[in-house]
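Below is one structure, written out as C-alpha cells; comments come after it.
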RNA sequence: GCCGAUGUAGCUCAAUGGUAGAGCAAUGGUUUUGUAAACCAUCGGUUGGGGGUUCGAUUCCCUUCAUCGGCUCCA
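Residue numbers (our numbering): 1 to 640.
As C-alpha cells, this is what we get:
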C-alpha cells in the first residue's frame, strides 16, 4: 500500500501501482471524468501512470491552466491525426497548446482552405468519438529517429537530431498517429467534445523567417459544446468592440491609403479625446515633479550614431534625408533630444533627479504586414519621459514610477495588470555585468512592491533592461502600455555628467519610461476596453441637447449655452427629424447624456435627462442635471 | 517583408463573361414631431490602380496598392 497526499492535506491509502485516475475515482466519479492530468510530486504525468510510492498528488481539470494546456495539446495531436488521414502527403512539424487553444504547423504546398478546415474539424469529431487512447512509449533517441525516418517525417527527425546523443524520448500514439512528444496527454480522444478550427495561416518553421514557411492551423476545443459557444460569443463580442470598427462608427479616426499606411488621422471626436488624455497626463506629470519639454522631429545622423540607434535600431528607422549635404533622420525615439537639453548646462547633484517629459511623436518603419489599426502604426506619440538621476536615487525613482504608472492607468479604468522583467537581447550595447546590475535593480523594485512578475528573457531594449506592464481589459485581454527602461549606455555615449557633492563630475543614470505607451495604441485599447462607451470625462460630446420640435429651438439653445458655460462638451441636434430619430442617433454615437426639451420642460423650466444605455431618467432642474453629470465625471476621476 | 484571403456608392452588402443594384447616409421638399429609424423625390460608382486575354472584363490572368487573419518584429 502507498499513501497519496492530496492538496487539502488528506491522505489516501491506495494499492501500490494505482493511478491518479484510481485516486480520482475513489474521491468521486465525476472528478475522475473531469480529470485531465495529474501532478505527482510536482511532476506532470498521464493520469493512467501507476504511482509506485508515497506521493503528493494534484489533479488538474479543465478549470486549471495546466489542465487546459494538456487538453489543448492533446487536441493538437487529434488535429494532426485528422490532417494526416485526410492529406497523407502532409508533413507534421510542431503543435503546442497556446493561451486560447492550440495550433499545429504542417508542411503542405497548398494552403488549407476553409473547406479543408471544415473537413478536418469533422474528422476530428469522428476520431474523438472513437475514444482512441493516447499511448505513451519511451524509447532511445536513435530508435525514435529511425521510426520517424520510416514514417517520412523530416521535421520530427530534425528535432530529434538536435537532441544530445543518448537522450530518452517519448512518443505518443493514438490510433494510427504517432508524434514525438513529452506529454502528458488525455486518457483518450473522447474527452474532446467540442471542436472549432479558427483559422489557417503561414508560419515559419521554428519561428525563423529564414526558414520555410509552413501552414499553421489554429483551433480550440472544449469539454462541452456550451463552453465552445461561450468562447465563440466572446470572439463575437471582441469583433463588435474592434477599435477600427468603432473608430469609424464614432468618427474618431481614420487611416488613408493616400496619406499612407500606419499613419493616423485623428478626427475631431478622436482629437478631442486625445486632448483630454493629454491634459490629464500633463497635469499628473507636473504634480509628480516632471518638467515638460518639447523637441523636434528630426536630428542629424551624428546624433543617432552617438546614441547607437544607427547601429542597433536602424531596421526600424526611416531612411535618411539630405539637408544641405547633411544627413538627417526622423526620430524613432526622443531620448537624444532630452539628453541634449540636459547637456545645455553644467548640472549639479542638487538638481537631480531631473524628469523630462514629452508627448513625443516618433516614426518607426514597421513592415507592412504588421500594421494594425491604432495598435501598430508607423507614426505615433510616446508619452515619454527620461529620468536622470544619481545611482543612489535609482531604486526610489523606479519605485515611484511603478506607483505613478499604476495610478495613472487606474485613472483610465484599468485595474488588472501583468508585469514583465525583460533582460538583455542579442543585439545590445553595454557589458553583461552592467546589464546584470541594472536588471537586479529593476527586480528589487518589483520585489519591494511585492509584485508578481514574469521574466522575459532577451526582451530588453538594446540599451538596457526594462519592466513592462500589461493592462487587462474588460474582455480579459492583455495590452502592453507601460514600459520602464533602464539605460546605462546613453549617459556614457553622450558623456552626460553632474557635479557631485565631492565637487567631482559623475555619470548619471537614466530611465526611459512611457506610461500609456503610445497615445495611438492606448486610445485603441481604451476604445476596446469600453466598447466605445467611454466614461463621461473622456467623451467628446457629453450632452446632446434635443429639442422635441423646432418650436423649442430657442429654449434648447439657452440650455446648450448654459451647459457650455459650465464647461460641459455639449451639442444640439436641430435637424428636422422626429426625436426618436435624434435619440437613436445619439444612442448610437454613445453620447452619455441627452437633454430632451419640449413643452413640458419649457413650462416648468426643466430638462428631461436620458442616459445612454439606460433610458429616460425623468425631469430635473438644470442645476440638478448639472450636479448629476458633474458627480458622474468626478466619480471616475476620484479613482485616479 | 513572408503565407493566405479580400477590395463593388460615404457605410453595410447584392449581382453577372454582354450597358452595376438595395438599405442606410447625403441633398431637396412635405411633415413640427415626446424617448432607438416619418414620407416623397434626387444625387451618388471608369466595380482600388495599371496591364493582358476576349468581339466584349466588374467577373478570367498578371502586376501594383491597400485592408484583413497569421508568422517574424514591436509602443
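Ideal placement from N, C-alpha and C gives every residue a C-beta, glycine not left out. Predicted, not measured: the structure shown is a model, and the values here were computed from it.
For the pair residue 487 and residue 512, the Cα-to-Cα distance works out to about 7 angstroms. Beta-bridge partners assigned by DSSP to residue 321: 328. The C-alpha of residue 523 lies about 8 angstroms from the C-alpha of residue 374. Note on the region 50-115: whole alpha helix (DSSP H) runs with a minimum of 4 residues are 65-86, in chain order. Under the 8 angstroms Cβ criterion, the region 209-227 does not count as touching the region 338-351, having fewer than three qualifying pairs.
Across the set 54, 442, 339 and 29, the C-alpha of 54 shows the shortest separation from the C-alpha of residue 18. With respect to residue 134, residue 185 sits close: the two C-beta atoms are nearer than 8 angstroms. Residue 543 is positioned such that its CB atom lies closer than 8 angstroms to that of residue 593. According to DSSP, residue pairing for residue 169 in a beta bridge involves 139.
Counting only unbroken stretches of 4 or more residues, the alpha helix (DSSP H) elements lying wholly within the region 414-491 are 432-448, in sequence order. Residue range 11-14 is occupied by the beta strand (DSSP E) that includes residue 12, with no alpha helix (DSSP H) assigned at that position. Here residue 483 is buried: its Cβ has 16 or more other Cβ atoms, across all protein chains shown, within 10 Å. With fewer than 16 other CB atoms across the displayed protein chains lying within 10 angstroms of its CB, residue 161 is exposed.
Per DSSP, residue 217 is one residue of the beta strand (DSSP E) stretching across 213-222.
Look at residue 500 here: in three-state DSSP terms it is coil, with no helix or strand label. Counting C-beta pairs with one atom in each stretch, the region 382-393 and the region 323-343 have three or more that are closer than 8 angstroms, which means they touch.
Here residue 629 really is in contact with residue 536; their C-beta atoms are around 7 angstroms apart, less than 8 angstroms. In the structure shown, residue 35 falls within a coil segment according to DSSP collapsed to helix, strand and coil. With respect to residue 57, residue 4 sits close: the two C-beta atoms are nearer than 8 angstroms.
According to DSSP, residue pairing for residue 348 in a beta bridge involves 499. About 14 angstroms separates the Cβ atoms of residue 333 and residue 293, ruling out a contact at the 8 angstroms cut-off. The DSSP-derived three-state label of residue 121 is helix.
Shortest Cα-Cα distance from residue 433 to any of 452, 16 and 464 involves 464. With a threshold of 16 other beta carbon atoms within 10 Å, residue 616 falls short and is exposed. Residue 607: member of the beta strand (DSSP E) spanning 607-611, first to last residue. A distance below 8 angstroms between beta-carbons, with the five flanking residues on each side excluded, links residue 404 to the following residues of its chain, in chain order: 284, 288 and 515. Under the DSSP assignment, residue 210 falls outside any beta strand (DSSP E); it carries neither an H nor an E label.
Note: residue 300 is bridge-paired with 328 in the DSSP secondary-structure output. Residue 125 sits away from residue 166, with the two beta carbons spaced by 8 angstroms or more. Closest option to residue 384, judged by alpha-carbon separation, among 209, 149 and 481: 481. Under the three-pair Cβ rule at 8 angstroms, the region 109-124 counts as touching the region 188-204. Nearest Cα to residue 26 within the set 87, 370 and 6: 6. For residue 238, the enclosing alpha helix (DSSP H) starts and ends at 225-241. Per DSSP, the beta-bridge partners of residue 505 are 499.
Excluding the 5 residues flanking it on each side, residue 32 has same chain C-beta neighbours closer than 8 angstroms at 21, 24 and 25, in chain order.
Note that the region 517-534 does not touch the region 563-583; fewer than 3 beta-carbon pairs, one per stretch, sit closer than 8 angstroms.
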